[in-house]
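Take a look at the structure below.
There are 2 protein chains.
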Amino acid sequence: MMRLTRRTEYGLMALAWLARAGGRFHSVREITENLDVPRRLLAEILKDLSQAGLVEAVRGPGGGYRLREDPGRLTLGRIVNVLEGPTIFAECYQGDCDLSPRCTIKRGIGEVARRLEAVLEDFTLEEVVHGPAGAPAPSPSS
Amino acid sequence: MMRLTRRTEYGLMALAWLARAGGRFHSVREITENLDVPRRLLAEILKDLSQAGLVEAVRGPGGGYRLREDPGRLTLGRIVNVLEGPTIFAECYQGDCDLSPRCTIKRGIGEVARRLEAVLEDFTLEEVVHGPAGAPAPSPSS
DNA sequence: TAAATTAGCACCGGTTTGGTGCTCTTTCAA
DNA sequence: TTGAAAGAGCACCAAACCGGTGCTAATTTA
Ligand code: SF4
Ligand code: SF4
Chain A
1 MMRLTRRTEY GLMALAWLAR AGGRFHSVRE ITENLDVPRR LLAEILKDLS QAGLVEAVRG
61 PGGGYRLRED PGRLTLGRIV NVLEGPTIFA ECYQGDCDLS PRCTIKRGIG EVARRLEAVL
121 EDFTLEEVVH GPAGAPAPSP SS
Chain B
1001 MMRLTRRTEY GLMALAWLAR AGGRFHSVRE ITENLDVPRR LLAEILKDLS QAGLVEAVRG
1061 PGGGYRLRED PGRLTLGRIV NVLEGPTIFA ECYQGDCDLS PRCTIKRGIG EVARRLEAVL
1121 EDFTLEEVVH GPAGAPAPSP SS
């Protein structure tokens, strides 16, 4: 209910870390050593982000992941969309709901969904990294 | 993930119906006959709404439920809060999360959560009933 | 070749969710 | 005072979802 899954939070942490680390490719091992999240799980998450084109992947020694876009251009909406699927607030807004014909709140709910989505689309990874009003974030210990 | 549960949607439909029906008390039977949602389940939901003080309940013949407040004063935020619990978007925002100390996105996420909550708090039951810009809602066939 | 790394996929245990059954209590009206 | 119409309470169930892991490829570099 209206709560991010762990997957998404781990993914966001990794993306935020990558945003600060920048530059070269960083392996899952390196990331998890800094973030202390379950390694195998984060690997799965980053794979998804890679398939969605949000990060770039390179295999083999020296390989790893790298942001494909500018953190200021990557919206929270897109990230959540990849990690949790497209349905926000109500099914009928994107896909289709079986009780859609009989549903009396559909219209109103659609409006709410749009507003919520707008909020998510308004935040960028950069803002998530830096926190509200440029609060100092701990520098990566790489 | 970011999607309302069925419970909440059923609850909203019932509340919306009650808002339009208004006046006297309406039994679960009467409501479900108009809305076509699982009877026993809606009973459970309305019980919760009653305990939370959003609706008024009277037992016995002629009894049922009735809105306790003006639909224009009842926010979507409060309803969702009752039906799905208080955690919006992230645990650390209200309760506490075990990885809160090590979490790097906490601050940014908190800001997002506030914005999302504000949207929910901005919509009232009345707006859900009437839809965007006063779209005509089908009148209850009572 | 050997090692480092991502990709793919199946699996598992625990929780949540949608939904139902059954009994008890309250209230009204005949 | 009795019976029926309601809600209240609570236990229960099956299916879906979620966090997390194991194992085996495929790819790349040295
Ligand atoms: S049609 Fe109604 S019940 Fe179905 S997803 Fe939309 S709002 Fe929810
Ligand atoms: S501390 Fe981090 S991981 Fe925990 S709920 Fe808050 S944002 Fe999510």
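Chains as they are written, first to last, in the working numbering: chain A, 1 to 142; chain B, 1001 to 1142.
The beta-carbon is built from N, C-alpha and C at its ideal position, and this holds for glycine as well.
These numbers were taken from a predicted model, which means no experiment stands behind them.
Where residue i meets chain B, residues with beta-carbon distance less than 7 angstroms
i	result
D36 (chain A)	R1102
L41 (chain A)	Those within 7 angstroms of L41 (chain A) in chain B number zero; the least Cβ separation is about 13 angstroms.
L76 (chain A)	V1112
L12 (chain A)	I1105
Within 9 angstroms, strictly: CB atoms of residue i and residue j
i	j	result
V1058 (chain B)	I109 (chain A)	no
L1054 (chain B)	L1035 (chain B)	no
L1046 (chain B)	G1011 (chain B)	yes
E126 (chain A)	P71 (chain A)	yes
F1123 (chain B)	R115 (chain A)	yes
L83 (chain A)	R3 (chain A)	no
L1049 (chain B)	L1076 (chain B)	no
G1064 (chain B)	I1088 (chain B)	no
R1029 (chain B)	R1040 (chain B)	no
L120 (chain A)	V80 (chain A)	yes
I1105 (chain B)	E44 (chain A)	no
F1025 (chain B)	E1069 (chain B)	no
M1013 (chain B)	C103 (chain A)	yes
Interface partners of residue i on chain B, CB under 8 angstroms
i	result
V55 (chain A)	Correct list: empty, because the minimum Cβ distance to chain B is about 16 angstroms.
Where the alpha helix (DSSP H) containing residue i begins and where it ends
i	result
L35 (chain A)	28-35
R66 (chain A)	Here R66 (chain A) belongs to no alpha helix (DSSP H); instead the beta strand (DSSP E) covers 64-67.
L1099 (chain B)	Premise fails: L1099 (chain B) is in no alpha helix (DSSP H) and is neither H nor E.
R39 (chain A)	39-51
N-terminal and C-terminal residue of the beta strand (DSSP E) that residue i is part of
i	result
A57 (chain A)	55-58
Neighbouring residues, chain B, relative to residue i (Cβ below 9 angstroms)
i	result
E127 (chain A)	G1108, E1111, V1112
A16 (chain A)	T1104, I1105, G1108
L49 (chain A)	Ordered by position in chain B, no residue passes the 9 angstroms Cβ test against L49 (chain A), which lies about 15 angstroms from the chain.
R73 (chain A)	In chain order: nothing, as chain B lies at least about 16 angstroms away.
Cross-strand partners of residue i (DSSP beta bridge)
i	result
T75 (chain A)	A:T124
F89 (chain A)	B:R1003
Per-residue contacts from residue i into chain A (C-beta, under 9 angstroms)
i	result
V1028 (chain B)	Under the 9 angstroms cutoff, chain A gives no residues; its nearest Cβ is about 17 angstroms from V1028 (chain B).
Residue i: contacting residues in chain A (beta-carbon distance under 7 angstroms)
i	result
E1121 (chain B)	Those do not exist, as E1121 (chain B) stays about 11 angstroms from chain A at its closest Cβ, beyond 7 angstroms.
L1116 (chain B)	L116, V119
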